[in-house]
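To keep things clear, I will list the structure first and then write my remarks on it.
Protein chains: 2
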Amino acid sequence: MNDYQFEINLSSTKKQKPAFDQLVFGRNFTDHMFVMDYTEGRGWHDPRIIPYQPLQLDPSAMVFHYGQSVFEGLKAYLTEDQEVLMFRPYKNMERLNRSNNRLCIPAIDEELAVQALRQLISVDHDWVPNEEGTSLYIRPFIISTEPYLGVAASHQYQFIIIMSPVGAYYKEGINPVKIAVQSEYVRAVKGGTGNAKTGGNYASSLKAQEVAEKSGYSQVLWLDGKENKYVEEVGSMNIFFKINGEIVTPELNGSILEGVTRNSVIELIKHWEIPLSERKVSIDEIYEAHKNGQLEEAFGTGTAAVISPIGEFFWNDEKLVINNGETGEISRKLYDTLTGIQKGKLEDKFGWIVKVDEEKAVTSAI
Amino acid sequence: MNDYQFEINLSSTKKQKPAFDQLVFGRNFTDHMFVMDYTEGRGWHDPRIIPYQPLQLDPSAMVFHYGQSVFEGLKAYLTEDQEVLMFRPYKNMERLNRSNNRLCIPAIDEELAVQALRQLISVDHDWVPNEEGTSLYIRPFIISTEPYLGVAASHQYQFIIIMSPVGAYYKEGINPVKIAVQSEYVRAVKGGTGNAKTGGNYASSLKAQEVAEKSGYSQVLWLDGKENKYVEEVGSMNIFFKINGEIVTPELNGSILEGVTRNSVIELIKHWEIPLSERKVSIDEIYEAHKNGQLEEAFGTGTAAVISPIGEFFWNDEKLVINNGETGEISRKLYDTLTGIQKGKLEDKFGWIVKVDEEKAVTSAI
Ligand SMILES: Cc1ncc(COP(=O)(O)O)c(C=O)c1O
Ligand SMILES: Cc1ncc(COP(=O)(O)O)c(C=O)c1O
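Chains as they are written, first to last, in the UniProt record's numbering: chain A, 1 to 366; chain B, 1 to 366.
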């Protein structure tokens with residue numbers, strides 16, 4: 001089953017684990033990490049699992065200057081039978097390679113990356129939390145490491161995977177968030193890097209986020225960079241609306257990130273035979289739908305929060321309250337279904353789950 | 001003159017210097033670096049000069065994931081009297097703070113930064129090369145260092161200055177470069193980060209650069225992200241045209257970087273009483289001007305190359321050759337004047353030069 005062999009160098013000491021019932025997002029890291037190097041000529045080489053430790057980089061390492069970096073985010077879950085399940089890891093590695101292509105970073109072997117995940121999770125198995133709403137957040141990323149000042153693609157990279165036991169991403173949890181529509185700052189534009197998962201997109205989003213937070217909004221709704229008219233994403237999530245019984249989500253247009261959760265939600269909606277359309281959605285349409293009482297639900301989708309219901313939009317000095325600021329029926333059903341599949345409580349009809357320990361899985365099925 | 005005192009920890013060994021007559025750009029670094037830390041509550045603190053050394057950063061340090069980083073580039077020159085001159089360093093530190101603002105990074109003390117430069121250059125004085133066309137390239141930069149996964153502004157940063165003795169940035173030197181007009185990929189858009197000097201802008205530019213190079217063009221001419229119509233920049237330089245006797249450059253519009261060289265060129269052109277206009281310039285206008293024989297010169301401006309004449313544009317499957325592919329009169333005059341002032345050979349009428357060692361300067365003037 002697994003032709004990939006990695007050198008494993010186990011940590012001699014183990015860190016103190018945080019209390020799994022009080023986890024915050026992204027602050028605690030497991031005992032080990034995966035690292036693989038790229039140098040021109042040799043390609044990707046030396047995949048290895050080593051103790052979690054600082055990176056040593058020359059101050060001229062290109063990532064510090066020219067932002068050539070990509071990353072992914074996915075989760076693993078502990079089932080009641082103590083099995084560890086990953087949710088659609090191949091999708092993330094595919095997207096990592098699409099991001100790599102846009103950022104001129106050499107492609108990785110996607111199968112190797114999933115096997116690396118598997119082995120790393122096995123090594124740090126006791127870091128997968130089991131409390132309600134918790135999971136092991138996995139962060140694969142690639143940075144350009146060549147020591148060189150000059151605008152060009154790097155000739156050296158590191159591919160690294162770190163892992164963090166996490167609780168809810170938004171302090172609101174599954175409770176609806178309030179969103180400010182952003183029309184001054186732009187997250188991405190066609191021809192830019194909006195559909196790649198690269199640091200610059202997030203750096204450029206901070207200012208609008210700061211402005212929104214100052215007015216008491218927790219996230220930003222991004223409009224397209226060309227016309228400032230079409231809805232693109234919300235915070236770092238994809239966005240869905242329920243308008244007059246139909247689920248509507250912005251079509252992939254080159255500046256929207258192709259979310260794994262978005263894709264899974266679309267498959268579920270289709271499976272449930274609820275009308276769905278992927279198309280351009282203008283902010284005016286949303287405003288009109290709200291005015292006519294047809295904007296029934298709105299929610300963001302992403303690995304971190306899974307489903308994040310939207311209770312209110314702030315646009316043009318007006319507050320548009322959705323579904324009385326409460327979690328809608330579809331949002332709730334999607335959340336329960338997705339987290340149910342992820343935790344192994346519901347049947348995995350779509351083949352989304354990859355078990356970390358396949359052997360054990362087979363044994364227990366006999 | 002200098003109220004800033006930095007802790008200085010000198011390197012016990014000195015690196016072997018490269019041959020100053022064979023310098024390439026951005027590959028060799030001096031013996032020391034400047035570092036200052038930021039933590040919330042304490043603000044910027046512990047400014048110090050230390051031996052050039054690797055940075056140690058947690059793999060979750062935010063810069064690796066969310067690209068929150070800014071940088072600057074400026075140069076110092078050795079005069080025939082062995083004095084070291086910096087070119088408009090305050091302008092760079094002002095711009096660094098504008099970039100900081102856009103990227104939600106806490107402002108630095110600009111005077112402190114210039115004094116840091118001064119002391120760092122003094123310490124590594126013998127790294128300033130004196131051969132024709134060489135200089136000491138200075139790279140101040142700020143990176144977000146907080147170990148945290150989550151899209152938010154970091155609460156910890158490092159401000160670092162490293163220096164590199166350099167030769168010509170483009171292998172063409174002052175010889176004209178060939179430029180491909182880019183209409184698929186976009187560098188920046190209004191509302192984005194185009195007018196900030198942050199890594200993401202450069203990362204996103206690599207793909208177009210790669211495409212251009214494959215067709216034998218050394219740089220890309222960027223059009224605006226909204227209409228794909230107006231000229232913005234060339235490679236990582238600002239762009240100027242001479243059309244029918246008038247110098248024309250795209251106006252600052254929020255997506256163009258405000259170059260220090262651009263500003264200096266504008267001051268020189270005004271001083272020479274040559275007609276100048278800062279305005280929108282469409283690629284169609286350039287095409288028409290060329291067809292009518294009125295496109296007399298085109299050149300890029302930037303710290304690295306100072307003036308980089310453009311010999312040819314490739315657009316819509318057509319080659320537009322400018323001034324027979326030769327360096328134009330204004331390009332040459334600007335290059336000679338700017339480098340003359342920078343090297344202390346021409347009078348500094350505009351107050352652009354800051355001497356590294358003011359005391360010595362005063363003494364030698366008596
Ligand atoms: C900008 C952006 N959009 C959307 C998403 C949602 O993607 P996914 O469902 O794969 O997590 C993410 C993050 O993960 C994101 O960063
Ligand atoms: C994108 C971009 N435009 C223009 C410039 C020119 O600016 P300056 O003249 O200050 O070097 C630079 C670089 O330095 C740049 O990176």
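Glycine residues also receive a C-beta, built at the ideal position from the N, C-alpha and C atoms.
Predicted model only: the values in this text are computed from it and were never measured.
So, is residue i buried or exposed, given that buried needs 16 or more other C-beta atoms within 10 angstroms?
i	result
Q119 (chain A)	buried
L245 (chain A)	Sequence check: residue 245 (chain A) is Gly here, not Leu. So G245 (chain A) counts as exposed.
P165 (chain B)	buried
N28 (chain A)	buried
G328 (chain A)	buried
L346 (chain A)	exposed
H45 (chain A)	exposed
K270 (chain B)	exposed
A208 (chain A)	buried
A365 (chain A)	Unreliable placement is indicated for A365 (chain A), whose pLDDT of 42 sits below 50; no coordinate value is reported for it.
E232 (chain A)	buried
K291 (chain A)	exposed
K319 (chain A)	exposed
E7 (chain A)	exposed
E358 (chain A)	exposed
T13 (chain B)	exposed
G167 (chain B)	buried
L10 (chain B)	exposed
G191 (chain A)	buried
Q115 (chain A)	buried
K15 (chain A)	exposed
M1 (chain A)	Confidence is the limiting factor: at M1 (chain A) the pLDDT is only 45, short of 50, which leaves the residue's position unreliable, though a coordinate-based value still follows. Per the 10 Å Cβ criterion, exposed.
G43 (chain B)	exposed
K226 (chain B)	buried
Q5 (chain B)	exposed
S215 (chain B)	exposed
Which residue's Cα is closest to the Cα of residue i: the options?
i	options	result
K308 (chain B)	B:F241, B:F350, B:F314	Note on identity: in this sequence residue 308 (chain B) is Ser, with Lys being the wrong assignment. Here the closest residue by C-alpha is B:F241.
I49 (chain A)	A:S60, A:T39, A:H32	A:H32
E251 (chain A)	A:K270, A:Y230, A:G235	A:Y230
K17 (chain A)	A:S264, A:G351, A:F141, A:L136	A:L136
R102 (chain B)	A:G200, A:L268, A:N324, A:E227	A:G200
E83 (chain A)	A:G344, A:K15, A:N195, A:Q115	A:G344
K349 (chain B)	B:T79, B:S12, B:R88	B:R88
V260 (chain A)	A:G133, A:L276, A:I239, A:H271	A:I239
Y217 (chain B)	B:A188, B:Y202, B:V186, B:I179	B:I179
V356 (chain B)	B:V234, B:P59, B:W222, B:L78	B:L78
I283 (chain B)	B:D224, B:T30, B:I105	B:D224
L149 (chain A)	B:G73, B:E146, B:I142, B:T134	B:G73
W222 (chain A)	A:A212, A:P275, A:G235, A:S215	A:G235
F25 (chain A)	B:V181, B:P147, B:Q5	B:P147
S255 (chain A)	A:I274, A:P106, A:N228	A:N228
Y157 (chain B)	B:F314, B:I310, B:I108, B:S183	B:I108
L257 (chain A)	A:V189, A:A212, A:F313	A:V189
H125 (chain A)	A:M86, A:V151, A:F159, A:M93	A:M86
E326 (chain B)	B:Q182, B:T339, B:I174, B:S205	B:I174
C104 (chain B)	A:G43, A:V211, A:I121	A:V211
Y144 (chain B)	A:M237, A:E273, A:E94, A:G67	At residue 144 (chain B) the sequence reads Ser, which differs from the Tyr that was named. The candidate whose alpha carbon is nearest that of S144 (chain B) is A:G67.
Q342 (chain A)	A:K280, A:G133, A:A153, A:M62	A:G133
M93 (chain A)	A:D81, A:K197, A:V151	A:K197
W127 (chain A)	A:K75, A:H155, A:L96, A:P106	A:K75
Q294 (chain B)	B:R332, B:L117, B:N324, B:V306	B:N324
N195 (chain A)	A:V177, A:L96, A:L268	A:L96
Y52 (chain B)	B:I160, B:V281, B:W272	B:I160
Taking 7 Å as the cut-off, does the CB of residue i come closer than this to any heavy atom belonging to ligand 3?
i	result
K207 (chain A)	Summarising the ligand content, the structure contains ligand 1 and ligand 2 and does not contain ligand 3.
Could you round the C-beta distance between residue i and residue j to whole angstroms and report it? I think they count as a contact, below 8 Å.
i	j	result
residue 385 (chain B)	T249 (chain B)	In the structure as shown, chain B begins at 1 and stops at 366. Residue 385 (chain B) is therefore absent and cannot be evaluated.
P54 (chain B)	L334 (chain A)	Rounded, the Cβ-Cβ distance is 46 Å, inconsistent with contact.
R139 (chain B)	I162 (chain B)	5 Å
Y90 (chain B)	A304 (chain B)	With 8 Å as the limit, Y90 (chain B) and A304 (chain B) do not qualify as a contact, their Cβ atoms being about 19 Å apart.
V70 (chain A)	F141 (chain A)	7 Å
V181 (chain A)	W315 (chain A)	4 Å
I247 (chain B)	L276 (chain B)	5 Å
S183 (chain B)	T193 (chain A)	Not a contact, Cβ separation roughly 17 Å.
_Report the start-end ranges of each alpha helix (DSSP H) in the region 179–226 of chain B that is 4 residues or longer and not cut off at the edges._
199–214
_My parser needs the beta strand (DSSP E) runs of 3 or more residues fully inside the region 84–152 of chain B; what are they?_
84–87, 135–144
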